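Trainee:
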Amino acid sequence: MRLFGFRLQLGGCGILGVGIWLSVTQGNFATLSSSLPSLSAANLLIAVGTIIMVIGCLGCVGAVKESRPLLLAFFILLLLIFFLEILSIMLFFIYQDEIDRYAQRDLKKGLQLFGTEGNVGLTNAWMIVQTDFRCCGVTNHTDWFEVYNATRVPDSCCLEYSDNCGLDNPGTWWTAPCYERVKDWLNDNLVALWIFALCTALTQVMTALKINDFCNKLSHVFDIKTA
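Numbering (full-length UniProt numbering), first residue to last: 1 to 227.
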């Protein structure tokens, strides 16, 4: 039983690790949101991984002390997380188009804050993302025209960076949409994410079954002692 609790903790560590990896490698993209800058895939994975690790620790303590209440609480929390994970995945695929539209709309609102006072993080994030992904704007480089009210883009959109190059001919700018570029990057790394998700789900199911069996054995032992 302790082994399964330890495995669950490892699964939580795995999810936490993926979240930290996303945060470190592509954390700048999360800063581009104007309304929910702290709500990102990386932060959600970090939160979920931490919660699973804590729950796994609860299971280990319950197994060591052979405490039926702790194991029952562990079992209920485990099932709750499992169903929430399934529900989240289903909702993501069902409302994927709506999520895309909302994300693009929110990111375009963020463009209006580019270069303004108090938005250094968002400004730097756009510069880094456009430079690293060789893209410009959310859905097109013309997104910036509405921001500047002119035919110009930030210098980070330029094929070859130089001061005020964003005022040059459009042929010298990146034209690929940043939203699609980042989505493509995530899709390229989706296999690793699915492997972690599958391993964690299997660990949760096996742990739940083991807890049920362990609690039944404890009940049997308790009945014998009280007989």
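Where is the CB? At the ideal position from N, CA and C, for every residue including glycine.
All figures in this text were calculated on a predicted structure; none of them were measured in a lab.
Please confirm if N124 has its CB atom under 7 Å from at least one CB of chain B.
Mentor: The structure shown contains no chain B, having only a single protein chain.
Trainee: Just checking my contact of K108 with D132 at CB under 8 Å: how many whole Å lie between their CB atoms?
Mentor: Start at 1 with the first residue of the sequence shown, and residue 108 comes out as number 108. Start at 1 with the first residue of the sequence shown, and residue 132 comes out as number 132. Rounded, the Cβ-Cβ distance is 20 Å, inconsistent with contact.
Trainee: Please go through the same chain and pick out, in chain order, the residues whose beta-carbon is closer than 6 Å to the beta-carbon of A159, but skip the five residues on each side of it.
Mentor: Taking the sequence shown and counting its residues from 1, one reaches residue 159 at position 159. With the sequence shown as reference, residue 159 is identified as Leu, and Ala is not the correct amino acid for it. Contacts found: T172.
Trainee: Quick check: the Cα distance between E98 and W174, rounded to an integer number of angstroms?
Mentor: Taking the first residue of the sequence shown as position 1, residue 98 is located at position 98. Taking the first residue of the sequence shown as position 1, residue 174 is located at position 174. Roughly 27 Å between the two C-alpha positions.
Trainee: Is it true that the segment 176 to 186 meets the segment 133 to 140, where meeting means three or more beta-carbon pairs spaced less than 8 Å apart?
Mentor: Output reads yes: the segment 133 to 140 touches the segment 176 to 186.
Trainee: In angstroms, rounded to a whole number, what distance separates the CA positions of A103 and Q96?
Mentor: Locating residue 103 in the sequence shown gives position 103, counting from the first residue. Locating residue 96 in the sequence shown gives position 96, counting from the first residue. Taking the straight line from one Cα to the other gives about 10 Å.
Trainee: For W194, which of helix, strand or coil comes out of DSSP?
Mentor: In the sequence shown, the residue the question calls residue 194 occupies position 194. Here W194 sits in helix by DSSP.
Trainee: Can you list the beta strand (DSSP E) stretches of 3 or more residues lying completely in the segment 115 to 190, in chain order?
Mentor: none
Trainee: Under DSSP, the alpha helix (DSSP H) around Y102 begins and ends at which residues?
Mentor: Numbered from its first residue, the sequence shown carries residue 102 at position 102. Where Y102 is concerned, the enclosing alpha helix (DSSP H) stretches over Q96 to L111.
Trainee: Can you find the residues in the same chain that come closer than 7 Å, C-beta to C-beta, to F74, ignoring five residues on each side of it along the sequence?
Mentor: As a position in the sequence shown, residue 74 is number 74, starting the count at 1. Around F74: I55, L58, G59, G62 and I211.
Trainee: Does the distance from the C-beta atom of V129 to that of H141 stay below 7 Å?
Mentor: Within the sequence shown, numbered from 1, the residue matching residue 129 stands at position 129. Within the sequence shown, numbered from 1, the residue matching residue 141 stands at position 141. Taking 7 Å as the Cβ cut-off, V129 and H141 do not qualify as a contacting pair.
Trainee: Closest by CA to V18, which one among P69, L186, L209 and V205?
Mentor: What you label residue 18 is simply residue 18 of the sequence shown in a count that begins at 1. Ranking the options by Cα distance to V18, first place goes to L186.
Trainee: Can you tell which of G166, E146 and Y148 has the C-alpha that lies nearest to the C-alpha of D155?
Mentor: For the purposes of this step, residue 155 is identified with residue 155 of the sequence shown, where counting begins at 1. The residue with the shortest Cα to Cα distance from D155 is G166.
Trainee: Hey, I46 and L78: beta-carbon distance below 7 Å or not?
Mentor: Position 46 of the sequence shown, counting from 1, holds the residue named residue 46. Position 78 of the sequence shown, counting from 1, holds the residue named residue 78. For I46 and L78, no; Cβs fall outside 7 Å.
Trainee: So, for V205: in the same chain, excluding its five sequence neighbours on each side, which residues have a beta-carbon less than 8 Å away from its beta-carbon?
Mentor: Position 205 of the sequence shown, counting from 1, holds the residue named residue 205. Correct list, in chain order: F82.
Trainee: What separation, rounded to the nearest whole angstrom, lies between the Cα atoms of R68 and I94?
Mentor: Against the sequence shown, residue 68 aligns to sequence position 68. Against the sequence shown, residue 94 aligns to sequence position 94. Rounded to whole angstroms, R68 to I94 spans 39 Å at the Cα level.
Trainee: Does DSSP put S67 in a helix, in a strand, or in coil?
Mentor: Along the sequence shown, one-based indexing puts residue 67 at 67. Coil.
Trainee: Here's a check: name, in chain order, each residue in its chain whose Cβ is nearer than 8 Å to the Cβ of T151, leaving out the five neighbours to either side.
Mentor: For this step, residue 151 is matched to residue 151 along the sequence shown. Cβ neighbours of T151 beyond the five flanking positions: F145 and P170.
Trainee: On the criterion of 16 or more Cβ atoms from any shown chain inside 10 Å, does residue 230 qualify as buried, or is it exposed?
Mentor: Since the first residue shown for the chain is 1 and the last is 227, residue 230 is missing from the structure and cannot be characterised.
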